[in-house]
Amino acid sequence: MESYQSFYKKTGRAAMKCTKRYEIFVTGMILFISSGVASQQEMPSDKSATKETINLYNNLKKLKTKGVMFGHQDDLAYGMGWKYEEGRSDIKDVTGDYPAVYGWELGRLEIDNPVNLDSVPFDKMKSLIKKGYERGGVITISWHLNNPLTGKTAWNPAEGTVASILPGGSKHDLYKSWLDKLASFMNELKGSKGEFIPVIFRPFHELNGNWFWWGGKNCTPDEFKKLWQFTVSYLRDEKKIHHLLYAYNTDRYSSREEYLEKYPGDEWVDVIGFDIYQRNSPNEKFIADIDKMLSTLENIAGEKNKIPALTEFGGNLADSNWWTGTFLKVLSEHKISYVLGWRNAGMKPGGQPEYYVPYKGQVTAADFVRFYKADKTFFQKDVSKEKLYQ
Ligand code: BMA
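Mind the numbering: the sequence shown is residues 899 to 1288 in the working numbering, read in order.
Here is the structure:
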């Protein structure tokens, strides 16, 4: 007969085994559940996107429910009355903080120019992109690429240009060589751990206007869609670039049908947006226009599960209360990811200043600080906390 001692030892061991099994079971369950949570992460159009790009994509979707990020083109390169001063930014001069989104532009990279069409050296741009990213900001890049058929600028809407660069066209190889240069630039954008810096790439913007060779009546919807799909597929599948989110964007538009006329398909797009400049229209009219366009955009983004953004804007900066009295008023009614103010170019050759965000002393500066402080708006410090790449 078994002694009590050995009986207790055995049952003790059995109990231990049980506890171990239970632990393994619980650990397994935790792993199972957390992998389930991880797989709830949605994928952008590029199914091989890098971890940071997938995280950015998902975090942008989450963040837009809380507020809107403020962005500025060329913010760290120059502003009103200054150029390339380390750490300077017109937005920072006014608010003490940087924007949350940094816009950059690659026009003339395709022709091996050392500087872009707005004189920003590409080398400098790369290091400034890295600075913004390391602070936790979001990078978006546009491309006013020259007309590949005529060799003139992006604003040369020569007939047949898009057809000429599609597969089989006379300028197809030239266009591919331009994409190779773009790919090299993108591949040089790396963070301090060697990871690629995710970029919201915004090619062929203002696509419903007639001023660019890819826009409006200068090509058919079918040609445009083919150009878009070829471009994405070449960068992603041929060049193996996996740190881009793709932004489809029109100019002002008047209907959902107009907005979607050249939409290449959900599997080719991540962000949808439009550009809008108030110019001389009264605030009430601007509010009504932008309100309508944002509502349509949000509806489309909801249906297609895309990220809505105001990809470029310019307001009435002669009105000292424009930021809270007009812009914030309308933004408060919507849930969009970001707004990008265009560049503070400074004095144009004709003597007229060009700027779209305030600089120190500009008449809207005080109101811009109120806009900055609003709960609904996010600048650099807010997004750094959000850790958009994790
Ligand atoms: C326009 C103007 C131009 C500039 C172009 C591309 O809106 O700001 O001065 O060259 O954008 O950045």
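C-beta: ideal position from N, C-alpha, C; glycine also.
G1259 and W1041 have their alpha carbons spaced roughly 32 Å apart. Around the beta-carbon of N1108, fewer than 16 other beta-carbon atoms lie within 10 Å, marking it exposed. Note on P1055: 16 or more other CB atoms within 10 angstroms of its CB, so buried under the neighbour-count rule. With contacts defined as CB atoms closer than 8 Å, I1170 and L1192 fail to qualify as a contacting pair. The continuous stretches of alpha helix (DSSP H) do not include T1224, and DSSP gives it neither H nor E. Contact fails between the region 1127-1146 and the region 1179-1192, because fewer than three Cβ pairs, one in each stretch, are under 8 Å apart. Distance from S1235 to L1064 at the Cβ level is roughly 31 Å; contact not present, criterion being Cβ atoms closer than 8 Å.
Nearest Cα to K1285 within the set G1005, V1036 and R1154: V1036.
Of the heavy atoms belonging to the ligand BMA, none sits nearer than 7 Å to the Cβ of L1238. Beta-bridge analysis with DSSP links P1251 to M1245. Between Y996 and K945, the alpha-carbon positions lie close to 32 Å from each other. If only uninterrupted alpha helix (DSSP H) runs of at least 4 residues are considered, those enclosed by the region 1092-1131 are 1119-1131.
Check the Cα spacing between K949 and each of P1046, K1074, P1096 and E1165: the tightest is with P1096.
When the alpha-carbon of K1024 is set against those of S1082, T1059 and I1009, the nearest one is in S1082. The C-beta of N1014 has 16 or more other C-beta atoms within 10 Å across all chains shown, which makes the residue buried. Using a Cβ distance threshold of 8 Å, S943 and D1120 do not count as a contacting pair. If you ignore the 5 residues before and after G1067, its C-beta comes within less than 7 Å of the C-beta of A1061, all in its own chain and listed in chain order. The beta carbon of M978 lies closer than 8 Å to those of D988, N1242, G1244, P1251, Y1253, Y1257 and Q1260 in the same chain, with the five residues before and after it left out. With fewer than 16 other Cβ atoms inside 10 Å of its own Cβ, K1271 counts as exposed.
Per DSSP, the continuous alpha helix (DSSP H) segment holding L1158 begins and ends at R1154 to L1158. Under the Cβ criterion (8 Å, minimum of three pairs), the region 965-985 counts as touching the region 1001-1009. Comparing C-alpha distances from L1105 to each of L1077, Y1161, F1099 and T1059 shows the shortest one belongs to Y1161. Judged by the Cβ position, R1241 qualifies as a neighbour of the ligand BMA at the 7 Å threshold, a heavy atom of the ligand being closer than this.
In terms of side-chain proximity, the C-beta atom of E1003 is found nearer than 7 Å to a non-hydrogen atom of the ligand BMA. Look at E1057 here: in three-state DSSP terms it is coil, with no helix or strand label. L1133 places its beta carbon less than 8 Å from that of L1077. Counted as a single uninterrupted DSSP element, the stretch harbouring Y1236 is not any alpha helix (DSSP H) but the beta strand (DSSP E) occupying residues Y1236 to G1239. Annotation for Y1073: P1046 and I1063 place their beta carbon closer than 7 Å to its own, counting only its chain and skipping 5 residues before and after. With a cutoff of 8 Å on beta-carbon distance, I1188 and V1228 are scored as near each other.
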